[in-house]
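Colleague:
2 protein chains.
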Amino acid sequence: MIKILLDAFGGDNAPSATIEGAVAALNKDKDIKLLLTGKQDTIEKELAKYRYDEQRVEIINLPDVIAMDDIATEAIKRRQSSLAGAYWKLKNEDDISAFVTAGSTGAAIAGGQLILGRIRGVKRAALCPAIPNIRGGVTLLCDCGANAECKPVMLCQFALLASAYAKVGFGIKNPKVGLLNNGTEAHKGDTLRLETFKYLSKMNGINFIGNVEGRDIMLGDCDVVVADGFSGNIALKSMEGCGKLALGLLKEEIKSGVRAKIGYVFMKKALKNLYARIDFDKYGGALLLGLKKVVVKSHGSSKAAAIANSIAQAAAICRGGLVPQIEKSLAGENWDEIIDGDGQ
Amino acid sequence: MIKILLDAFGGDNAPSATIEGAVAALNKDKDIKLLLTGKQDTIEKELAKYRYDEQRVEIINLPDVIAMDDIATEAIKRRQSSLAGAYWKLKNEDDISAFVTAGSTGAAIAGGQLILGRIRGVKRAALCPAIPNIRGGVTLLCDCGANAECKPVMLCQFALLASAYAKVGFGIKNPKVGLLNNGTEAHKGDTLRLETFKYLSKMNGINFIGNVEGRDIMLGDCDVVVADGFSGNIALKSMEGCGKLALGLLKEEIKSGVRAKIGYVFMKKALKNLYARIDFDKYGGALLLGLKKVVVKSHGSSKAAAIANSIAQAAAICRGGLVPQIEKSLAGENWDEIIDGDGQ
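Listed in order, the protein sequences are those of chains A and B.
Heads up: the first sequence is residues 46 to 389, going by this note's numbering.
Heads up: the second sequence is residues 46 to 389, going by this note's numbering.
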């Protein structure tokens, strides 16, 4: 039985969507137990709407809620909040394996680093979403916003963390790693990219294929794309914006005339497939990699299905043994060389 | 009569696409004259396929061709190349107003800075494409790859250069300027963003609306997005990749079954509209802003229509008086304050 904490009050649609998602996850996977954090009475009321195995649900009364725009490092001091309180429980109780939240990204990152803590040897935790790609699989983009300013050693570790996730979470045996850059040639990029390229080429445990461009995240032949949190965030949100625009315009054009409406009736299934194939939430949330336990940050706008996916994802990753895999990978590299160079 | 140089041998589809595009532009706008650079005999052979006003075409024999992967700063020393030779002509002949090339981006930037030269006071030239947005207009993204490493003063100037382009090229009276960042709050971003935010807020001639995210390039309510060339490039290519994926999957789904194929017959026009609305080439190429004359960098994969659009765009921008507009804007700012601060 895998025990997973869920921030029942995190996200724009909480707590109704989070509870609905929790119940869906419980009913699908009989080998998980969920610990729901938040206002006890509200959670009880929401739960009463559904049928589920009550033995596998526990409510932890944490009535304070961190808002999306609260200052993260201050907010996580509030131990009675559904997010920070969950982190303390995750830290202190050995039999709890994972935490899922759709709450403030900043608070999730700050709580992960400051309350739960990082795996020994990891310089910084990184936010790593799985992005649908043209091969019908995913590309892991790491980091996507946890660290706006990075050193080469951090990017090298992101490569390793995301490779471990690709293996454990998606069964990719020898994940191909690309460095996000403004061109594919080896001499491209700023000082950070040039240094990182040098070290990535020498690392033992990763399959580095060289520089990749923004378009390669969705189109290219690579499983992991390594980025500093600033440009990774720009890439992720630019893709989200473009995807939303394309789908929005498609809807608009369909509504624009009788012929198009008739066409839509016939194409409905094809368009549904299309939507599913570029659905960023299909694979659950972004992983917070490098922490001592599994933490999944679901999108702030997550609906019940996305929450259920994030819980299923957390369970799968715990079963796959992500943390031991990362520890093993870390031990196989010569970090002193990178740190004693100009990597640090 | 506006005289425009065209690099007839620049781009993946040159010279057939460039010559076809040149003829289309000539036939559409009777008030332009084109100077075609490249191998004279090949250009003559291509031109012989079409009917056009021969009085408004001149061929300049420059038989050397710069390849996409030549090292830019070396390549532009080759004065007999269709690209570098064109830049020398642009520099030396007062009556030539603009240059259009679909050749190597690196060489186009290097030639612009080192042969043609910048407008007095401009620190660096910037690459600025017009990206289709949800409002049915464009968002100008500046810089998109000319400068991988930037100082705050450069970003402040990009804001001003692109605002001038928005006014002259798209008739936007008081263009809204956003700073590309990993969040919209004022405290977001790395040191470069924090410094730049401070200076942008104080500038006279721009309408700064604050930080914007990657998604705002296509979805947001802003006309100009300012970025360093590294993250601007990541944003642009990420959007291109996502757009290509969405359209590619749509085509695939349409082919996937009989019902979808029938639907397609009815939706053909709507889908064509959709394609046109997210066509990155519709507005011509990217402008190389900050140079002494108008330079348009068309996409390397430009077909005839894109080349014709780029030529029309160059003519429109010359007529609108981009260079004097930039000179006027530059004179209205207190650059010493930015440079004496930590902007430089």
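The beta-carbon is built from N, C-alpha and C at its ideal position, and this holds for glycine as well.
Keep in mind the model is a prediction, meaning the values are calculated, not measured.
How many angstroms separate the CA atom of B/Tyr396 from the CA atom of B/Arg304?
Modeller: Here chain B comprises residues numbered 46 to 389, so residue 396 of chain B is not present and cannot be evaluated.
Colleague: Which residue or residues does DSSP assign as beta-bridge partners of B/Phe253?
Modeller: Counted from its first residue, the second sequence places residue 253 of chain B at position 208. Bridge partners of B/Phe253: B/Val222.
Colleague: Does the beta carbon of B/Met312 come closer than 9 Å to any beta carbon on chain A?
Modeller: Taking the second sequence and counting its residues from 1, the one referred to as residue 312 of chain B is at position 267. Interface residue, yes.
Colleague: Could you check the C-alpha separation between B/Gln370 and B/Val213 for me, to the nearest Å?
Modeller: Working through the second sequence from its first residue, we reach residue 370 of chain B at position 325. Working through the second sequence from its first residue, we reach residue 213 of chain B at position 168. Rounded to whole angstroms, B/Gln370 to B/Val213 spans 8 Å at the Cα level.
Colleague: Could you tell me whether the Cβ of B/Leu245 comes closer than 9 Å to any Cβ of chain A?
Modeller: As a first step, residue 245 of chain B must be located in the second sequence, where it is residue number 200. B/Leu245 does not count as touching chain A.
Colleague: Counting only the same chain and skipping the five closest in sequence on each side, list residues whose C-beta sits under 7 Å from that of A/Ala331.
Modeller: Start at 1 with the first residue of the first sequence, and residue 331 of chain A comes out as number 286. Cβ within range, chain order: Leu172, Cys173, Pro174, Cys189 and Lys342.
Colleague: Measuring only the C-alpha atoms, how far is A/Leu333 from A/Tyr309?
Modeller: The count along the first sequence starts at 1 and reaches residue 333 of chain A at position 288. The count along the first sequence starts at 1 and reaches residue 309 of chain A at position 264. Distance between the alpha carbons of A/Leu333 and A/Tyr309 is about 40 Å.
Colleague: Is DSSP giving B/Cys173 helix, strand or coil here?
Modeller: Position 128 of the second sequence, counted from the first residue, corresponds to residue 173 of chain B. Looking at B/Cys173 - three-state DSSP - the assignment turns out to be strand.
Colleague: Using DSSP with H/G/I as helix, E/B as strand and the rest coil, what is A/Ser127?
Modeller: The residue given as residue 127 of chain A occupies position 82 in the first sequence. It is helical.
Colleague: Is A/Asn137 helix, strand or coil by DSSP?
Modeller: Position 92 of the first sequence, counted from the start, is the residue given in the question as residue 137 of chain A. Correct three-state label for A/Asn137: helix.
Colleague: Starting from the N-terminal side, write out each stretch of the alpha helix (DSSP H) that is 4 residues or longer and does not extend beyond the region 63–121 of chain A.
Modeller: 85–92 and 117–120
Colleague: Can B/Ile179 and B/Leu264 be called in contact, C-beta distance under 9 Å?
Modeller: As a first step, residue 179 of chain B is located in the second sequence; it is residue number 134 there, counting from the start. As a first step, residue 264 of chain B is located in the second sequence; it is residue number 219 there, counting from the start. Going by C-beta atoms, B/Ile179 is nearer than 9 Å to B/Leu264.
Colleague: When DSSP labels each residue in this structure, what does A/Thr229 get in the three-state scheme?
Modeller: By one-based count along the first sequence, residue 229 of chain A stands at place 184. Per DSSP, reduced to three states, the secondary structure at A/Thr229 is coil, with no helix or strand assignment.
Colleague: Step through the CB atoms of chain A and report whether any lies within less than 9 Å of the CB of B/Met263.
Modeller: Looking up residue 263 of chain B in the second sequence gives position 218. Yes, because at least one Cβ of chain A sits closer than 9 Å to the Cβ of B/Met263.
Colleague: Determine whether the beta carbon atoms of A/Ala393 and A/Gly274 lie at a separation below 9 Å.
Modeller: Given a span of 46 to 389 for chain A in the structure shown, any question on residue 393 of chain A remains unanswerable.
Colleague: Using beta-carbon positions only, say whether B/Ala143 and B/Leu135 come within less than 9 Å of one another.
Modeller: The count along the second sequence starts at 1 and reaches residue 143 of chain B at position 98. The count along the second sequence starts at 1 and reaches residue 135 of chain B at position 90. Yes, Cβ-Cβ distance for B/Ala143 and B/Leu135 is below 9 Å.
Colleague: For A/Ser346, return the contacting residues in chain B, with the cut-off set at a CB-CB distance below 8 Å.
Modeller: Here residue 346 of chain A corresponds to residue number 301 of the first sequence, with the count starting at 1. Within 8 Å Cβ-Cβ: nothing; A/Ser346 doesn't reach chain B, min ~12 Å.
Colleague: Name the two residues that bound the continuous beta strand (DSSP E) containing A/Lys282.
Modeller: Against the first sequence, residue 282 of chain A aligns to sequence position 237. Taken as a continuous stretch (DSSP letters only), A/Lys282 belongs to no beta strand (DSSP E), being part of the alpha helix (DSSP H) at Gly274 to Ile299.
Colleague: Considering A/Ala331, what are the terminal residues of the beta strand (DSSP E) in which it resides?
Modeller: The count along the first sequence starts at 1 and reaches residue 331 of chain A at position 286. The continuous beta strand (DSSP E) containing A/Ala331 extends over residues Ala331 to Leu334.
Colleague: Please compile the residues from chain A whose C-beta is within a distance smaller than 8 Å of the C-beta of B/Lys342.
Modeller: One-based indexing of the second sequence puts residue 342 of chain B at position 297. Annotation: B/Lys342 has no Cβ neighbours in chain A at a cutoff of 8 Å; minimum Cβ distance is about 15 Å.
Colleague: Give me the Cα-Cα distance between A/Lys348 and B/Ala170, rounded to the nearest whole angstrom.
Modeller: If you number the first sequence from 1, residue 348 of chain A lands on position 303. If you number the second sequence from 1, residue 170 of chain B lands on position 125. Whole-angstrom Cα-Cα distance: 45 Å.
Colleague: Quick one: which chain A residues come within Cβ less than 7 Å of B/Ala193?
Modeller: Taking the second sequence and counting its residues from 1, one reaches residue 193 of chain B at position 148. By Cβ distance, chain A contributes Asn227, Gly234 and Asp235.
Colleague: Roughly how many angstroms lie between the CA atoms of A/Gly157 and A/Ala376, to the nearest whole one?
Modeller: Position 112 of the first sequence, counting from 1, holds the residue named residue 157 of chain A. Position 331 of the first sequence, counting from 1, holds the residue named residue 376 of chain A. Cα to Cα, the separation comes out at about 22 Å.
Colleague: Just reading off the alpha helix (DSSP H) that B/Lys313 is part of, what are its end residues?
Modeller: To locate residue 313 of chain B, count along the second sequence from 1; it is residue 268. Where B/Lys313 is concerned, the enclosing alpha helix (DSSP H) stretches over Val303 to Arg322.
Colleague: Identify, in the order they occur along the chain, each residue of the same chain with its Cβ nearer than 8 Å to the Cβ of A/Val368, setting aside the five sequence neighbours on each side.
Modeller: Here residue 368 of chain A refers to the residue found at position 323 of the first sequence. The answer, listed in chain order, is Ile164, Lys337, Lys338 and Val339.
Colleague: According to DSSP, what are the bridge partners of A/Ala143?
Modeller: Indexing the first sequence from 1 puts residue 143 of chain A at position 98. Note: A/Ala143 is bridge-paired with A/Ile49 and A/Val339 in the DSSP secondary-structure output.
Colleague: Among all the DSSP beta bridges, which residues are the ones paired with B/Ile186?
Modeller: On the second sequence, residue 186 of chain B is found 141 positions in, with the first residue counted as 1. The residue you asked about is not Ile; residue 186 of chain B is Leu in the sequence shown. B/Leu186 is bridged to B/Val270.
Colleague: Considering only the alpha carbon of each residue, which of B/Gly162, B/Ile160, B/Ala211 and B/Ile362 lies closest to B/Thr184?
Modeller: What you label residue 184 of chain B is simply residue 139 of the second sequence in a count that begins at 1. Comparing Cα-Cα distances from B/Thr184 to each of B/Gly162, B/Ile160, B/Ala211 and B/Ile362, the minimum goes to B/Ala211.
Colleague: For A/Ile384, which residues from the same chain have a beta carbon less than 8 Å from its beta carbon, with the 5 sequence-adjacent residues on both sides left out?
Modeller: Walking along the first sequence from the start, residue 384 of chain A turns up at place 339. Taken in chain order, the residues that qualify are Val198.
Colleague: Of all the residues that make up the region 283–300 of chain A, which are near chain B by a beta-carbon distance shorter than 8 Å?
Modeller: Ser283, Met284, Glu285, Gly286, Cys287, Gly288, Lys289, Leu290, Ala291, Leu292, Gly293, Leu294, Leu295, Glu298 and Ile299
Colleague: Using DSSP bridges, identify the partner residues of A/Arg163.
Modeller: Here residue 163 of chain A corresponds to residue number 118 of the first sequence, with the count starting at 1. According to DSSP, A/Arg163 bridges with A/Leu336.
Colleague: Please list the partners that B/Phe242 has in chain A, where partner means a Cβ-to-Cβ separation under 7 Å.
Modeller: On the second sequence, residue 242 of chain B is found 197 positions in, with the first residue counted as 1. The contacting residues do not exist; B/Phe242 stays about 13 Å from chain A at best.
Colleague: Between the region 108–123 of chain B and the region 291–298 of chain B, can you find at least three pairs of beta-carbon atoms closer than 8 Å?
Modeller: no
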